Every structure is written in structure tokens, then in C-alpha cells.
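Before any comments, here is the structure.
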Amino acid sequence: MTRKALVVDDSATMRQMISLTLEEQGFEVMQGVDGADALEQLNGSEVDVIITDLNMPVMDGMTFIRHVRSQPVHRFTPILILTTEGGIDRKLEGKEAGATGWIVKPFDPSRLVRVVHRVVA
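The numbering of the sequence shown is the numbering used here, which starts it at 1020 and goes up by one.
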């Protein structure tokens, strides 16, 4: 069974780097350029993990996470925030929004893989 991931970042380079890392681990990867686009990608799809940036145009990561968590099918889907921000206030806000974990950019591909494998059953 192929695992699916949704990668959300307004940087095409970041989306490609994360996608390649996950594809090497056997994931099928969907991509969203911002939170609104990602919600459209997610519509009707089940994924095993979501990795999102925070600072994006149209819809930011926190708003996106809240929308995802409001959908019963994604109530327990692991959501990882991958961002340049590392402040405790932002991390608490992310946890309250429904994030499962937090990774600070620049990301180490091997660390990302370890975290993804930890949250994906």
C-alpha cells in the first residue's frame, strides 16, 4: 500500500526538496502552493501525513491546519509544520491549531524522514 503525503509551501524549491525526500521513502506526494490550494488538493483525498509551511500568501499554515482539523476525515491525520520560525509562542499556537509536530528550516532530509516515520503508523 502506497502512503500519501501532502506538502504545502509557497516555495517551489522547498516543495520539490520535501517531495523528493518523501518519494525516496515510497510516498506518493501531492503539492499545494498555499493553504487554499492545499485544501483543494485535499478535497476528498485521504493522506497519511501533511507537511506545511506557516508563512504563505492567500491562506497561511495556521489557518490551513484549522480547516484541515475541522474535517472529520482529517481529525487525526498527522500534520507537521516545517518553517523558519522556532519561537515557543508560535509552536504553542501550532499545537493549539492541531499540529502534530514542528521542524525548523533548513530541514535535514534524514531528520524529516525520521519524524514522518514516527507520526505515520
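Note that the Cβ used here is the ideal one computed from N, Cα and C, for glycine as well. Bear in mind that the values here come from a model prediction, so they are computed numbers and not experimental data.
Query: The stretch 1072-1083 / the stretch 1047-1061 touching (three or more Cβ pairs under 8 Å); Result: yes
Query: Straight-line gap, Lys-1110 to Leu-1061 (C-alpha atoms, nearest Å); Result: 24 Å
Query: Limits of the unbroken beta strand (DSSP E) element including Leu-1099; Result: 1098-1102
Query: Distance between Pro-1091 and Ala-1031 (C-alpha atoms, nearest Å); Result: 29 Å
Query: Distance CB(Lys-1023)-CB(Val-1066) smaller than 8 Å; Result: yes
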